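Working notes for the structure below.
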């Protein structure tokens, strides 16, 4: 099996990559990086990602890190397999690219803080900082307002087809659906329908089957 | 002239886009958005970018926002003009993509705070928060350590050729060279040489000629 993902169950960035591989029907091996044993900070893993963070990725002689760079590679390298995750039309692909950047620059900075405070901290026995939750819930509001307007125009963020722009949202959205932030999605009918739609994709359901129960 | 950039002199994200257009020898018109008159929050501009931030971009019937999405479009749409900013080889392009993500996820979050505190706040008559400067200078250290190691292996971050991965660093690097953060670059010979090299590119020198004197 040529494709290897070096990550672990519990890492949202790892899930982002797995979602792209399941969408593409690309066989892969998930090589667990033992974070508790600090494997991600040892030379062997640092040679794969000098920042010492999961996931890292290998496809034959291609070695990559940064989850969003990996999904782009998967979308292009396996363009003709499974779901098309990136339009072959330059204009459509550029618009998908805009909304992929919006995820990285606007959605992720707010939702990464919220998933940390509301899901991961309690999981690790730490106390949620409600002031941080309030601050970043407020920051998420205008982002979801823009999404609501966008999703009134087209079914997916990047256009009429599911693309990386939507896929990149899956891990944080999945986590937030189990928190009070769900009400912010629910308050917007198009955002709510879009979230339900992408979370129900068979490829994502396969990823969630790996989640700790 | 088909290509229009809606932005203003003083916006680092606008400069990122201008750098890509100068590298490609693509003629463009810079349409100034009057931020003082809140033009960026009015319906006409919000139709270009619903987040109300510069730059926005137009190329015939292609309308985009988010500076890094725009530069990618420019690199692909004008692939055969000027400097190649994105390799046509899938593997090389994927590695450039990794380092472009590193800029967005690691370099920019630290340096955007530093440019704000050390350059823009004094420019607007505001007081620099030295605690913030210290915090983000520290966060920049491991990023520059990784860059130093990477630039020992190859001349540019994405490989042996200049690419978007380097270009995206230009605006914040330009500003920081006029601050005490320069010493963090200078302390690393390969990072220092790389910064000097990319800042001296004729396309970037054209952008800097627009900077307020």
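Residue numbers (full-length UniProt numbering), protein chains in the order written: chain A, 1 to 213; chain B, 1 to 213.
Glycine included, C-beta positions come from ideal geometry on N, C-alpha and C.
All figures in this text were calculated on a predicted structure; none of them were measured in a lab.
| Item | Value |
| --- | --- |
| Answer yes or no: the CB of residue 38 of chain B versus the heavy atoms of the ligand GDP, is any distance below 6 Å? | With respect to the ligand GDP, the structure shown offers nothing to examine, as it has no ligands at all. |
| Can you have a look at residue 5 of chain A and say buried or exposed, based on whether 16 or more other CB atoms are within 10 angstroms of its CB? | buried |
| Below 9 Å between beta carbons is the criterion; list the residues of the segment 141-152 of chain A that meet it against any residue of chain B, in chain order. | 142, 143, 145, 146, 149 and 150 |
| In chain B, what lies closer than 7 Å to residue 91 of chain A by C-beta? | 62 |
| What are the residues in the UniProt domain "GST N-terminal" (1-82) of chain B lying within 7 Å of chain A by C-beta distance? | 50, 51, 62, 64, 65, 66, 68, 69, 72, 73, 76 and 77 |
| Would a C-beta distance cut-off of 7 Å place residue 207 of chain A and residue 30 of chain A closer than the cut-off? | no |
| Taking all protein chains shown into account, decide if residue 163 of chain A is buried (16 or more other Cβ within 10 angstroms of its Cβ) or exposed. | buried |
| Tell me the DSSP secondary structure of residue 180 of chain A in three-state form. | coil |
| Closer than 7 Å by beta-carbon distance: list the chain A residues that pair up with residue 104 of chain B, in chain order. | 104 |
| Which residue's Cα is closest to the Cα of residue 118 of chain B: B:65, B:193, B:7 and B:176? | B:176 |
| Using a Cβ-Cβ cutoff of less than 8 Å, which residues in the same chain neighbour residue 86 of chain B once the five nearest sequence positions on both sides are dropped? | 72, 75, 76, 79, 93, 96, 163 and 164 |
| Output, in chain order, the set of chain B residues within a Cβ distance shorter than 9 Å of residue 159 of chain A. | Those do not exist, as residue 159 of chain A stays about 13 Å from chain B at its closest Cβ, beyond 9 Å. |
| Do you know whose CA, among B:50, B:131, B:98 and B:179, lies nearest residue 123 of chain B's CA? | B:179 |
| Using 8 Å as the threshold, is the segment 60-70 of chain B in touch with the segment 101-109 of chain A, meaning 3 or more CB pairs across them? | yes |
| Note down, in chain order, every chain A residue with its Cβ under 7 Å from the Cβ of residue 101 of chain B. | 66, 68 and 69 |
| According to DSSP, which residues form a beta bridge with residue 30 of chain A? | A:5 |
| Grab me the residues of residue 115 of chain A's own chain with a C-beta within less than 6 Å of its C-beta, minus the 5 sequence neighbours each way, in chain order. | 172 and 175 |
| Mind pulling the alpha helix (DSSP H) runs of 4 or more residues that sit fully within the segment 53-127 of chain A? | 67-77, 90-102 and 108-115 |
| On a CA-only basis, which of B:37, B:60 and B:33 is nearest residue 49 of chain B? Give me that one, please. | B:33 |
| Let me make sure I understand the geometry here. Which of A:37, A:2, A:25 and A:23 has the alpha-carbon closest to that of residue 8 of chain A? | A:37 |
| For residue 113 of chain A, which residues in the same chain have their Cβ closer than 7 Å to its Cβ, ignoring the five residues on either side in sequence? | 132 and 136 |
| What residues match up with residue 158 of chain B in a beta bridge as DSSP calls it? | In the DSSP output, where bridge partners are listed per residue, residue 158 of chain B has none listed. |
| Residues in its own chain within less than 8 Å of residue 192 of chain B by CB, not counting five upstream and five downstream? | 185 and 186 |
| When we look at the beta-carbon of residue 200 of chain A and count the other beta-carbons within 10 Å, is it buried (16 or more) or exposed? | exposed |
| Go ahead and label residue 16 of chain B buried or exposed: buried means 16 or more other beta carbons lie within 10 angstroms of its beta carbon, across all protein chains shown. | buried |
| Note the first and the last residue of the continuous alpha helix (DSSP H) segment covering residue 149 of chain A. | 130-153 |
| Whose C-alpha, out of A:69, A:110 and A:82, is nearest the C-alpha of residue 141 of chain A? | A:110 |
| With C-beta atoms as the reference, is residue 59 of chain B less than 7 Å away from residue 13 of chain B? | no |
| Does DSSP put residue 164 of chain B in a helix, a strand or coil? | helix |
| Label residue 24 of chain B either buried or exposed according to how many other C-beta atoms from any shown protein chain fall within 10 Å of its C-beta, with 16 as the threshold for buried. | buried |
| What would DSSP say about residue 41 of chain B, mapped onto helix, strand or coil? | helix |
| Would you call residue 196 of chain B buried or exposed, if buried means 16 or more other Cβ atoms sit within 10 Å of its Cβ? | exposed |
| Does any CB atom of chain A fall closer than 7 Å to the CB of residue 98 of chain B? | yes |
| What is the rounded straight-line gap between the Cα of residue 41 of chain B and the Cα of residue 52 of chain B? | 5 Å |
| With H, G and I counted as helix, E and B as strand and the rest as coil, what does DSSP make of residue 24 of chain A? | coil |
| Would you mind giving the Cβ-Cβ distance between residue 157 of chain A and residue 150 of chain A, rounded to the nearest angstrom? I have them listed as a contact below 8 Å. | 6 Å |
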